[in-house]
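Novice: Chains as they are written, first to last, in my numbering: chain A, 51 to 535; chain B, 826 to 1002.
#1: Comparing alpha-carbon positions, which option in A:107, A:346 and A:158 lies nearest residue 235 (chain A)?
#2: Any C-beta of chain A sitting closer than 8 Å to the C-beta of residue 826 (chain B)?
#3: Taking a Cβ distance cut-off of 8 Å, strictly less, list which residues of the segment 284 to 300 of chain A are near chain C, in chain order.
#4: Determine the contact status of residue 144 (chain A) and residue 194 (chain A), defining contact as a CB-CB distance below 8 Å.
#5: If you check the beta carbons only, do residue 283 (chain A) and residue 857 (chain B) fall under 8 Å apart?
#6: Cβ of residue 916 (chain B) less than 8 Å from any chain A Cβ?
#7: Between the Cα of residue 541 (chain A) and the Cα atoms of A:476, A:295 and A:249, which residue gives the shortest distance?
#8: In chain B, what lies closer than 9 Å to residue 270 (chain A) by C-beta?
#9: Measure the alpha-carbon distance for residue 386 (chain A) versus residue 484 (chain A) and round it to whole angstroms.
#10: Count the other CB atoms, across all protein chains shown, that sit within 10 Å of the CB of residue 82 (chain A); report buried if there are 16 or more and exposed otherwise.
#11: Going by beta-carbon coordinates alone, are residue 399 (chain A) and residue 319 (chain A) separated by less than 8 Å?
#12: Between the C-alpha atoms of residue 910 (chain B) and residue 883 (chain B), what's the straight-line distance to the nearest angstrom?
#13: Determine, for residue 841 (chain B), whether the minimum Cβ-Cβ distance to residues of chain A falls below 8 Å.
#14: Given that residue 218 (chain A) touches chain B, what residues does it touch there, using C-beta distances under 7 Å?
#15: Taking Cβ-Cβ distances shorter than 9 Å, what residues in chain B pair up with residue 237 (chain A)?
#16: Within a Cβ cutoff of 6 Å, which residues of the same chain sit near residue 929 (chain B), ignoring the five residues on either side of it in sequence?
#17: Would you kindly work out how many angstroms separate the C-alpha atoms of residue 939 (chain B) and residue 302 (chain A), rounded to a whole number?
#18: Residue ranges of each alpha helix (DSSP H) run of no fewer than 4 residues wholly in the segment 459 to 514 of chain A, ordered along the chain?
#19: Considering Cα atoms alone, identify which of A:122, A:335, A:98 and A:171 is closest to residue 514 (chain A).
#20: Pair every Cβ in the segment 106 to 117 of chain A with every Cβ in the segment 437 to 453 of chain A, then say whether three or more of these pairs are closer than 8 Å.
#21: Would you decide whether residue 65 (chain A) is buried or exposed? Buried here means 16 or more other CB atoms lie within 10 Å of its CB.
#22: In the DSSP output, what is residue 971 (chain B) paired with across the bridge?
#23: Report the three-state DSSP secondary structure of residue 181 (chain A) (helix, strand or coil).
#24: Output the distance between the C-alpha atoms of residue 948 (chain B) and residue 299 (chain A), rounded to the nearest integer angstrom.
#25: Any idea if residue 142 (chain A) is buried or exposed, counting beta-carbon neighbours within 10 angstroms, 16 or more meaning buried?
#26: Any residues in the segment 306 to 321 of chain A with a beta carbon nearer than 7 Å to a beta carbon of chain B? Which ones, in chain order?
#27: Which residues in chain B sit within 8 Å of residue 252 (chain A), going by Cβ to Cβ distance?
#28: Can you find at least 3 beta carbon pairs, one from the segment 844 to 858 of chain B and one from the segment 983 to 991 of chain B, that sit closer than 8 Å?
#29: Are residue 200 (chain A) and residue 477 (chain A) closer than 8 Å when you measure CB to CB?
#30: Which runs of the alpha helix (DSSP H) fall wholly inside the segment 874 to 907 of chain B and span at least 4 residues, in chain order?
#31: Taking buried to mean at least 16 other C-beta atoms within 10 Å of its own C-beta, is residue 1000 (chain B) buried or exposed?
#32: My output table needs one value for residue 948 (chain B): the three-state DSSP class, helix, strand or coil.
#33: Please name the residue, chosen from A:371, A:423, A:427 and A:465, that lies closest to residue 154 (chain A) on a Cα-to-Cα basis.
#34: Give every residue of the same chain whose Cβ lies closer than 7 Å to the Cβ of residue 901 (chain B), excluding the five residues on either side of it in the sequence, and list them in chain order.
#35: In its own chain, which residues sit with a C-beta less than 6 Å from the C-beta of residue 347 (chain A), not counting the 5 before and 5 after it?
#36: Count Cβ pairs between the segment 357 to 369 of chain A and the segment 419 to 436 of chain A that sit closer than 8 Å; are there 3 or more?
Here it is in structure tokens:
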């Protein structure tokens, strides 16, 4: 200390004693792994022999997925009446499932876009799988609106092409906005995912080429577009990635906002509220992160990825679940408050009915799963217990499905006229079709983990301390250690 | 080995070594050269003397085109081609046309950004001398390379090789064109 004192003699001595301590950043890749280790670890998942558990899960998932195929085949061949909804509940499980699956997808885009813009480097280990989850969730979501139109071969009426009477689509309708929002969302998610995959496909191309597997080398090479790690390419690539993140951020917020317009733009009590867009977006991110945890924790355990998905990553995700879950809880309270404070008797009734009417069971499942569950994540002990986190993440997903059910069904079942009140219960076809989509999702996800790198190797390498050209990570523990000497 | 040589490739073990070598190659005045890295090394653009990427220009054009497409589609269809009163609302208002135009802005921007990136990078290009070399395997994994092309006006086999050696490059090889 004394040696430094004369150089800063003009300052009061206390300033030499009290120095701002750099905020310690958690290491993102534990156990001082090398770049080569990352490549071998992640590529190894694809290169190794197909594990038995994968085949078991794949066959099981195909069986479950066949429920959706059977349900849809029966629906198309018989008519939309095979689903349980009828007056007054004309939207039911179809739209519940649609909103549920679209919401699941949101965490993927949030991780890859918003966290990228906010320079949250911990996103790198989980963004690939989360983006894959987004795409597969959008696929599952798309099934429901397409088939609930009844005569599915007329679904092209939604596209901006004039029909046979030369009448165009009604662009005033939120349902038409939905078509644009969801199809843009699906397309941009695929593009974003593919651009992120480019360098990793090139890695696999070269590794399979060296291993003498010409067919797989050709397939990966075809999609790698001749990527060769040129820094002139990286420069444009990084800029493109940043812009994609920049446009995906308003996209992810707008998609669920527009989905909420399907309800908010109507005049039905319980739907016609301005809180819907932010409330839907928070709920979507909440359920999306729930699903990311549900998928990533087993993946981490099975493939031994603890060095890449560290306790810090799980901690961050739990905290996002806690934050968004609390926003959702606040939204429930605020809806109730405004229903009372707004002094609209229909609105007030809709909310009393939700909590204490025929669907009170669904409402209280929703409250328990969405309001109480995330509060456990305040405790570090809970966040550190991966099995407990996993179980809670499933509760989050169940709760968010019930949220959409409560919103849609309770408002329709008890609208303005008591003469048109009813009670909705799903038909067996509907139930099968919905449970089948979990199979569809699982089939796609299993294929993904078998054939594509589950983590972005290039991005993980770029956040490792060795990647820094000045020899250390300025914000890492090295800097902290130096500050203390 | 064919008679024609594409250039020289040198290997570096760490990011700081390739970074400082790139600075030396830049200062020596070479133009047709490149670094091959398994991930984007931050700061390397500056060390190579590269300017800001031109991708945003493509994105901006895409965004403007997308927004105009959305607005014109709705103006044309609901004001000119088939004016139809729905719920007593006006034939056209920018408010109801906004969500669709907004989504198309994002869609077109995304396509323009990726198209622009691929165009600027000259991809897809499935044949390149670097891809033919064995070095690409480590270049995709954990090593860093500098390639100086023989088409560079300053290229001289002996001198360029000496420069790369001085900069700390190991295992310098000629690339087959």
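Note that the Cβ used here is the ideal one computed from N, Cα and C, for glycine as well.
Specialist: The answer reads as follows:
#1: That would be A:158, whose Cα lies nearest to the Cα of residue 235 (chain A).
#2: In this prediction, residue 826 (chain B) has a pLDDT of 43, which is less than 50 and means its spatial position is unreliable; nothing more can be read from the coordinates.
#3: Although the question refers to chain C, the structure presented lacks it and instead comprises the protein chains A and B.
#4: In contact: residue 144 (chain A) and residue 194 (chain A) (Cβ atoms closer than 8 Å).
#5: In this structure, residue 857 (chain B) does not lie closer than 8 Å to residue 283 (chain A) by Cβ.
#6: So no, residue 916 (chain B) is outside the interface.
#7: In the structure as shown, chain A begins at 51 and stops at 535. Residue 541 (chain A) is therefore absent and cannot be evaluated.
#8: What residue 270 (chain A) touches in chain B: nothing, since even the nearest Cβ is about 11 Å away.
#9: Approximately 30 Å, taken between the alpha carbons.
#10: Its Cβ having fewer than 16 others within 10 Å, residue 82 (chain A) is exposed.
#11: Yes, the Cβ-Cβ distance between residue 399 (chain A) and residue 319 (chain A) is below 8 Å.
#12: Straight across, the Cα-Cα distance linking residue 910 (chain B) with residue 883 (chain B) is about 38 Å.
#13: It does; some Cβ of chain A falls within 8 Å.
#14: Those are 902, 903, 906 and 907, listed as they occur along chain B.
#15: Listed by position along chain B, the residues whose Cβ is nearer than 9 Å to that of residue 237 (chain A) are 932, 935 and 936.
#16: For residue 929 (chain B), where only same-chain residues beyond five positions count, the Cβ hits under 6 Å are 891, 894 and 895.
#17: In a straight line, the C-alpha of residue 939 (chain B) is about 19 Å away from that of residue 302 (chain A).
#18: The qualifying runs are 478 to 501 and 507 to 512.
#19: Nearest C-alpha to residue 514 (chain A): A:171.
#20: For the pair of segments examined, the segment 106 to 117 of chain A was found not to touch the segment 437 to 453 of chain A: the number of CB pairs separated by less than 8 Å stays below three.
#21: Residue 65 (chain A) counts as exposed, since fewer than 16 other beta carbons sit within 10 angstroms of its beta carbon.
#22: DSSP, once it has assigned bridges, lists B:835 and B:860 as partnering residue 971 (chain B).
#23: Of the three classes helix, strand and coil, the one that applies to residue 181 (chain A) here is helix, per DSSP.
#24: The straight-line gap from Cα to Cα measures roughly 27 Å.
#25: So residue 142 (chain A) ends up on the buried side.
#26: For the segment 306 to 321 of chain A, which is checked against every Cβ of chain B, the residues closer than 7 Å are 308.
#27: Scanning chain B for C-beta atoms nearer than 8 Å to the C-beta of residue 252 (chain A) yields 965, reported in chain order.
#28: Yes, since at least three Cβ pairs between the segment 844 to 858 of chain B and the segment 983 to 991 of chain B fall closer than 8 Å, the two stretches touch.
#29: Going by C-beta atoms, residue 200 (chain A) is not nearer than 8 Å to residue 477 (chain A).
#30: As far as the segment 874 to 907 of chain B is concerned, its whole alpha helix (DSSP H) runs of at least 4 residues are 880 to 900.
#31: With a threshold of 16 other beta carbon atoms within 10 Å, residue 1000 (chain B) meets it and is buried.
#32: Assigned with DSSP and collapsed to three states, residue 948 (chain B) falls in coil, not helix or strand.
#33: The shortest C-alpha separation from residue 154 (chain A) is found at A:371.
#34: Excluding residues within five positions, none has a Cβ falling inside 7 Å.
#35: The answer, listed in chain order, is 436 and 440.
#36: At 8 Å Cβ cutoff, the stretches touch.
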